[in-house]
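Colleague: Chains as they are written, first to last, in my numbering: chain D, 5 to 275; chain X, 5 to 275; chain L, 5 to 275. Built from N, CA and C at the ideal position, the CB exists for glycine as well. The structure is given below, and queries will be raised subsequently.
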Amino acid sequence: MTFSAGSLLNKIRKEKPLVHHITNYVTVADCAAATRNVGALPVMAQAEEEVREMVRAAGALVLNIGTLSPSLVRAMLEAGREAKKKGIPVILDPVGAGATSLRTESACLLIKEVSPDIIKGNAAEIAILAGLEGEIKGVESIGGADPRFAAAKLAQKTNAVVVTTGVEDIVADGRRSAVIKNGHPSMSLVVGTGCTAASLLAAFAAVEKNYFEAAAAAMTTFAVAGELAAEKAASAGGPLAYKTLLLDQLYLLKEEELDRRARVEFFNERE
Amino acid sequence: MTFSAGSLLNKIRKEKPLVHHITNYVTVADCAAATRNVGALPVMAQAEEEVREMVRAAGALVLNIGTLSPSLVRAMLEAGREAKKKGIPVILDPVGAGATSLRTESACLLIKEVSPDIIKGNAAEIAILAGLEGEIKGVESIGGADPRFAAAKLAQKTNAVVVTTGVEDIVADGRRSAVIKNGHPSMSLVVGTGCTAASLLAAFAAVEKNYFEAAAAAMTTFAVAGELAAEKAASAGGPLAYKTLLLDQLYLLKEEELDRRARVEFFNERE
Amino acid sequence: MTFSAGSLLNKIRKEKPLVHHITNYVTVADCAAATRNVGALPVMAQAEEEVREMVRAAGALVLNIGTLSPSLVRAMLEAGREAKKKGIPVILDPVGAGATSLRTESACLLIKEVSPDIIKGNAAEIAILAGLEGEIKGVESIGGADPRFAAAKLAQKTNAVVVTTGVEDIVADGRRSAVIKNGHPSMSLVVGTGCTAASLLAAFAAVEKNYFEAAAAAMTTFAVAGELAAEKAASAGGPLAYKTLLLDQLYLLKEEELDRRARVEFFNERE
């Protein structure tokens, strides 16, 4: 595999795919900004009456249960099925799966009914959905099973590409895993980096049908942006100042620099 | 017409009109900040049970269908009718009209039932509502009929002042048009500038009953703020850093500087 | 009373309590950032189907009626009762009480049914809930009864600790009052400082069962952060740039500096 996040970033910037989000009201502005900054077009639409029509114009669909309700889940089911029918990638962000039964059950229902192409969560969310041990406090992972093992397991169970965010992000399709060695500790201080990662996954999957590669490229792009933002950050800055730098790096990032900085290790899980 | 955006900005800062928003959950924080920074007071209230009462305390009403639902549209109808009864200006932002039939129909319904005083959209939204050719991708204009022609046509059709945002903003009342020559390309990189423009239109219309003049002043103010923000922006900054500068310029803007920088051309459409 | 905001801040940073918010969609991102920056973990969940389960994992609960609806109030009642049963502090932010009867009645209902441990509002909201004169424009206080008197009166009426925000913040439990002399005028220019104050109150109350002391410490922390942010702010900055500095100070704040700067006066109200 010749892995080049930069060439996919270039494709996003040229094709400007529409990324349809059904997401929470906490981090939605960051998702919109990240989508736009990476070169794609964000749209948010959640009314059951219009989601199918919006999906038909979209290049990818993000389903995020961060502030879910039963009617929102119904809209996600409608939109998700339409996306699969149309053949565009569906990215599921099961925020807080394991924290309440509504969240766990909604995530499982969406996996069963929609078969998302990419599932992205923190270590606890992914472990819990894989049927392994995981501990979650609200929407924050406290720990859980070995992340690479859990990601591979959930990928095998669901046929989705699974992305686990953490100090090192993991991308797994059940046969292979990619471990992204880029990133910066400041990213973990920012509320909403998980949600924005899902927007990036959608933008990359909209331009690259190999979703394993698309996902690895998206997470590498975000992690390299995190490094560059940290280099720019004033020593006296805090998490919000850093967030602005981080999201703006998605816009400023040069494709060659991204490829030069990328540090990704690939593993064959079934050797 | 002696056009002075600065004198209207001064009036907003003195009178601090209350701007009631029924708007989307993506850019709502920017709308609140822009309203406050320009000197007015924002309030967001969308429950059908309270919108009429809130309208009665307000100086202007913004209806934005960016993340609409049938119940939100019902609240908009209630609030809009009450605003017309009270005689305060109603600003309609038909976000994504043309992208789904729910959006197009909701925009048309609000125009028919409420008769908004100002309709603001991008080139595609305005062209589509005027019954002309327009192409929209999610909520992003891809192109459409000649913007000045489309704005004048929609103004004639609806008796509203029509504002079309773009490289040059256009304000039309069907007889006259104003073309705002100020602005900066960075504004188009920021998610939500359209929505915040509607907040400014509302603040200006709350203090000036000549809505054509109020609208031209609002758009000039925003465009001049965009220029000043670009002059302040670090060369290494991105869209989010620019957004902070842009919205803050609304607070920092001196009324004399605004008038000195304003470059607005007026046209008589029926000569 | 040996008052030390710094030692409580230290406790938050060590224990990382989960703060469950049922709040508005305007300032929710700021609430999340403030909660995280002060060292606690934010979670937002408002579906009636899950709020009780989320409360059971939480260390404090914030109820904010800024963009209320009847179903949201039902979720608040469910969550509030569960929080009282579990014994975790409930913080009520009656945004816009007095502006519409839905808001006034919802605030009164939540006070009656939930018995919040802390009620925080601006001078008008607190005066109105205390049964005194208060004038509100949207969600902005225009004035009202003497703030210290009104806070003490509402505290006596409700058995809650009452916090009134303003140039000087007031904390009252009916017998004692604390007047926080710290702060900076720029804080009043920022949309959402009231809502974020409620998040801080929740984080402090989660680690200190003496809610009067917890509330005084929370408001002192925010006010000192406001001073430090003003010292860092560029002379040419505006309210949004200041907001980033303000929220980031919650992360950067040193516990010793907080205690060194704190200027709080305590009064016995029944001497």
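Smallest Cα separation from Lys141 (chain D): which of D:Leu232, D:Ala127, D:Ala38, D:Arg60?
Modeller: Ranking the options by Cα distance to Lys141 (chain D), first place goes to D:Ala127.
Colleague: Starting from Val175 (chain X), follow its DSSP beta bridges and name the residues at the other end.
Modeller: Beta-bridge pairing links Val175 (chain X) to X:Val167, X:Ala182.
Colleague: Would a C-beta distance cut-off of 8 angstroms place Val66 (chain X) and Ala206 (chain X) closer than the cut-off?
Modeller: Yes, the pair counts as a contact, with Cβ atoms nearer than the cut-off.
Colleague: Check whether chain X comes within 8 angstroms of Val228 (chain D), counting only Cβ atoms and requiring the distance to be less than that.
Modeller: By this cut-off, Val228 (chain D) is not an interface position.
Colleague: Are any of the Cβ atoms in chain X nearer than 8 angstroms to that of Glu275 (chain D)?
Modeller: Caution applies to Glu275 (chain D), whose pLDDT of 49 falls short of 50 and renders its modelled position unreliable; the value that the coordinates give is listed next. Output row for Glu275 (chain D): interface = no.
Colleague: Can you tell me which of X:Val47, X:Gly70, X:Ile69 puts its alpha carbon nearest to the alpha carbon of Val59 (chain X)?
Modeller: Nearest of X:Val47, X:Gly70, X:Ile69 to Val59 (chain X), Cα basis: X:Val47.
Colleague: Verify the CB distance criterion: does Ser105 (chain L) have a CB-CB separation below 8 angstroms to chain X?
Modeller: By this cut-off, Ser105 (chain L) is an interface position.
Colleague: Tell me the start and end of each unbroken beta strand (DSSP E) in the region 178-260 of chain X that is at least 3 residues and wholly inside, in chain order.
Modeller: Listed in chain order, they are 180-184.
Colleague: Could you tell me the distance, in whole angstroms, from the CA atom of Leu76 (chain L) to the CA atom of Gly70 (chain L)?
Modeller: So the two alpha carbons sit approximately 11 angstroms from each other.
Colleague: Alpha carbon to alpha carbon, what distance is there between Leu72 (chain L) and Leu204 (chain L)?
Modeller: Those two C-alpha atoms are separated by around 21 angstroms.
Colleague: Establish whether the CB of Thr162 (chain L) and some CB of chain D are separated by less than 8 angstroms.
Modeller: No, no contact with chain D.
Colleague: So, is Asn186 (chain D) buried or exposed, given that buried needs 16 or more other C-beta atoms within 10 angstroms?
Modeller: Flag for Asn186 (chain D) reads buried.
Colleague: Taking DSSP as the reference, what is the three-state secondary structure of Thr104 (chain X)?
Modeller: Looking at Thr104 (chain X) - three-state DSSP - the assignment turns out to be strand.
Colleague: Could you tell me whether the Cβ atoms of Asp34 (chain L) and Leu251 (chain L) are closer together than 8 angstroms?
Modeller: Their beta carbons are under 8 angstroms apart, which means Asp34 (chain L) touches Leu251 (chain L) by this criterion.
Colleague: So what does Leu81 (chain X) bridge to, in DSSP terms?
Modeller: According to DSSP, Leu81 (chain X) bridges with nothing at all.
Colleague: Measuring only between beta-carbons, confirm whether Lys141 (chain D) sits less than 8 angstroms from chain L.
Modeller: Chain L, which has a Cβ nearer than 8 angstroms to the Cβ of Lys141 (chain D), makes this yes.
Colleague: Shortest alpha-carbon distance to Lys236 (chain D) belongs to which of X:Ala234, X:Ala245, X:Lys236, X:Glu231?
Modeller: Closest option to Lys236 (chain D), Cα to Cα, is X:Ala245.
Colleague: Check each candidate in L:Phe270, L:Arg274, L:Thr224 and name the one with the smallest Cα separation from Ser11 (chain L).
Modeller: Among L:Phe270, L:Arg274, L:Thr224, the Cα nearest to that of Ser11 (chain L) is on L:Thr224.
Colleague: What distance in whole Å lies between the Cβ atoms of Leu96 (chain X) and Leu114 (chain X), which are believed to be in contact at a cut-off of 8 angstroms?
Modeller: Confirmed, Cβ separation roughly 6 angstroms.
Colleague: Are the Cβ atoms of Leu254 (chain L) and Ala229 (chain L) separated by less than 8 angstroms?
Modeller: Yes; because the gap between Cβ atoms is below 8 angstroms, this pair is in contact.
Colleague: Is the region 173-182 of chain D touching the region 266-273 of chain D, taking contact as three or more C-beta pairs under 8 angstroms?
Modeller: Short answer: they touch.
Colleague: Who are the neighbours of Ala245 (chain X) on chain D, taking C-beta pairs under 9 angstroms?
Modeller: Under the 9 angstroms cutoff, chain D gives Thr248, Leu249, Asp252.
Colleague: What is the C-beta distance between Ala154 (chain D) and Gly148 (chain D), in whole angstroms, given that I count them as a contact (C-beta under 8 angstroms)?
Modeller: Confirmed, Cβ separation roughly 7 angstroms.
Colleague: How long is the line joining the alpha carbons of Val55 (chain X) and Thr104 (chain L), rounded to whole angstroms?
Modeller: Whole-angstrom Cα-Cα distance: 9 angstroms.
Colleague: Glu212 (chain D): beta carbon under 7 angstroms from a heavy atom of the ligand SAH?
Modeller: The ligand SAH is absent from the structure shown, which contains no ligands of any kind.
Colleague: According to DSSP, is Ile123 (chain X) part of a helix, a strand, or is it coil?
Modeller: Strand at Ile123 (chain X).
Colleague: Tell me which residues share the same chain as Tyr215 (chain L) and place their Cβ nearer than 7 angstroms to its Cβ, disregarding the 5 neighbours each side in the sequence.
Modeller: Contacts found: Pro93, Asp121, Ile122, Val165, Ala209.
Colleague: In angstroms, rounded to a whole number, what distance separates the CA positions of Leu232 (chain X) and Ile16 (chain D)?
Modeller: Distance between the alpha carbons of Leu232 (chain X) and Ile16 (chain D) is about 31 angstroms.
Colleague: Residues of chain X with CB under 9 angstroms from Tyr348 (chain D), in chain order?
Modeller: There is no way to answer for residue 348 (chain D), as the model of chain D reaches only from 5 to 275.
Colleague: For Leu22 (chain L), which beta-bridge partners are listed by DSSP?
Modeller: The partner list for Leu22 (chain L) (beta bridge, DSSP) reads L:Leu45.
Colleague: Helix, strand or coil for Ile95 (chain L), going by three-state DSSP, please let me know.
Modeller: Correct three-state label for Ile95 (chain L): strand.
Colleague: With 7 angstroms as the limit, tell me which residues of the region 11-43 of chain L have their beta carbon closer than that to any beta carbon of chain D; keep them in chain order.
Modeller: Under the 7 angstroms Cβ criterion, the region 11-43 of chain L contributes Leu22, Tyr29, Val32, Ala33, Ala36, Ala37, Arg40, Asn41.
Colleague: Round the Cβ separation of Glu53 (chain L) and Leu106 (chain D) to the nearest angstrom and send it over; I've been treating them as touching at under 8 angstroms.
Modeller: Right, their Cβ atoms sit about 5 angstroms apart.
Colleague: Could you spell out where the beta strand (DSSP E) holding Glu269 (chain X) opens and where it closes?
Modeller: Here the beta strand (DSSP E) through Glu269 (chain X) covers 268-272.
Colleague: Is Thr27 (chain X) closer than 8 angstroms to Asn68 (chain X) when the C-beta atoms are compared?
Modeller: A contact, by the Cβ cut-off of 8 angstroms.
Colleague: Roughly how many whole angstroms lie between the Cα atoms of Glu261 (chain L) and Ala156 (chain L)?
Modeller: Cα-Cα distance, rounded: 30 angstroms.
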